[in-house]
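Below is one structure, written out as structure tokens; the observations come after it.
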Amino acid sequence: MSSNQPPPSGPLPPSTPPSLPPPPSRGRIAERLLPGGTEPDPRFTLANERTFLAWIRTALALLAGGIALEAFTSDLFLEPVRKSLAVLLLLLGMLLSAGAAGRWLRVERSMRNKTPLPLPLIVPLLAGAGALAAAVVLVFILWR
Amino acid sequence: MARTRVPDPAPHGDPGLQPERTTLAWGRTMLALVTVSAIFLRWLPHHGWPILLLFAVSAAAAAAIYFTQRRRYGASARGITRESIDADTSAVLWTAFAGVVLGALGIGVVLAA
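Line by line, the protein sequences are chains A and B. Converting from the first sequence to our numbering requires adding 470 to each position, the first position being numbered 1. Converting from the second sequence to our numbering requires adding 66 to each position, the first position being numbered 1.
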């Protein structure tokens, strides 16, 4: 705490040196999947990517849970209950992975075209399947 | 005597540190993939060799993220600087594809057991 130099304060000046080369042309996949519109604020593009990654991590947790559930509850659940729960978790992980990419694309498109962001379909999917999995376990526990 | 040093400003000048946060989000995803691949390997005795396919896919995806982190940070820092970023469509697509493949393989493994 003995610094005489104050930390740099305030926002840094916007830096767009004219010497920077023009942005390279977009890739072929991007041209095909994200046609038209104008380039959105790069911060929004990065935020969209981080949201996608959060969904992917949720999906990965469900996938690992599905495999582990099948294996380590073999003497706890009856086989049909165990298998259907495991398949439910794995299916949900799969759908969320695909749905996360779909949502990323739709959000990116609506940002390019300056239209309102679409509602996330994967939110009710995750909530519904989570509730279904809980109901399966509840019924099993009450009946056992 | 504590040495104090004013850190270099970020190369992109973004006070919100968007490139850092995005690169860290990819890093977290890579760690999740490593964890998941270890969990798959843990259940190798129960599920048998097909689980090695799941291990291979998740480990390969983690490696792919690891080896593209530096390029990713550079691209997003440059994109912030010039106020225009190329959406990383291919990375999003292959990551989601890896999740779908893992789910399909996992369902196959569970139903075959």
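Backbone N, C-alpha and C fix where the C-beta goes; we use that ideal spot for every residue, glycine too.
Could you check how far apart the C-beta atoms of residue i and residue j are, in whole angstroms? I think they sit under 8 Å.
i         : j         : result
Ala-571/A : Val-158/B : 6 Å
Gly-497/A : Ser-156/B : 7 Å
Leu-119/B : Leu-171/B : 5 Å
Leu-516/A : Thr-88/B  : 4 Å
Leu-559/A : Gly-536/A : 4 Å
Val-166/B : His-113/B : So it is not a contact: roughly 19 Å between Cβ atoms.
Leu-503/A : Leu-595/A : Actually they do not touch by this definition, with Cβ atoms about 22 Å apart.
Which residues mark the beginning and the end of the alpha helix (DSSP H) in which residue i is found?
i         : result
His-112/B : 110-113
Ile-592/A : 592-613
Asn-583/A : Note, Asn-583/A: premise wrong, no alpha helix (DSSP H); not H, not E.
Leu-504/A : From DSSP, Leu-504/A is part of no alpha helix (DSSP H); its letter is neither H nor E.
Met-156/B : The sequence shown places Ser at residue 156/B, not Met. Counting along the chain, the alpha helix (DSSP H) containing Ser-156/B begins and ends at 155-178.
Q: Would you list, in chain order, the members of the segment 559-580 of chain A that have their beta-carbon closer than 7 Å to a beta-carbon of chain B?
A: Here the close residues are Leu-560, Leu-561, Gly-563, Met-564, Ser-567, Ala-568, Ala-570, Ala-571, Trp-574, Glu-578.
Q: Could you name the residues of the segment 136-159 of chain B whose beta carbon sits closer than 7 Å to any beta carbon of chain A, in the order they occur along the chain?
A: Ser-142, Gly-145, Ile-146, Thr-147, Arg-148, Glu-149, Ser-150, Ile-151, Asp-152, Ala-153, Asp-154, Thr-155, Ser-156, Val-158, Leu-159
Q | chain A contacts from the segment 87-108 of chain B (Cβ-Cβ distance under 7 Å) | A | Answer set for the segment 87-108 of chain B: Arg-87, Thr-88, Ala-91, Trp-92, Arg-94, Thr-95, Ala-98, Leu-99, Val-102, Ile-105, Phe-106.
Q: For the segment 76-125 of chain B, list the alpha helix (DSSP H) runs that are entirely contained and at least 4 residues long, ordered along the chain.
A: Runs found: 84-108, 110-113.
Q: Give, in chain order, every residue of the segment 526-560 of chain A whose Cβ lies closer than 8 Å to some Cβ of chain B.
A: Ile-526, Arg-527, Ala-529, Leu-530, Ala-531, Leu-533, Ala-534, Gly-536, Ile-537, Ala-538, Glu-540, Ala-541, Phe-542, Ser-544, Lys-553, Ala-556, Val-557, Leu-560
Q: Name, going along the chain, the residues of the segment 581-611 of chain A whose beta-carbon falls closer than 7 Å to a beta-carbon of chain B.
A: Legend: CB atoms of the segment 581-611 of chain A lying less than 7 Å from CB atoms of chain B are not found in any residue.
Q: Run through the segment 510-566 of chain A for me and flag every whole alpha helix (DSSP H) of 4 or more residues, listed as ranges in chain order.
A: 512-542
(Q) Please identify, using Cβ separations under 9 Å, the residues of the segment 121-137 of chain B that lie next to chain A, in order along the chain. (A) Ser-124
Q.
Against chain B, which members of the segment 494-507 of chain A pass a CB distance test of less than 8 Å?
A. Within the segment 494-507 of chain A, the qualifying residues are Pro-494, Arg-496, Gly-497, Ile-499, Ala-500, Leu-503, Leu-504.
Q) Residues in the segment 507-526 of chain A with C-beta within 7 Å of chain B's C-beta atoms, listed in sequence order? A) Glu-509, Pro-512, Arg-513, Thr-515, Leu-516, Glu-519, Arg-520, Phe-522, Leu-523, Ile-526
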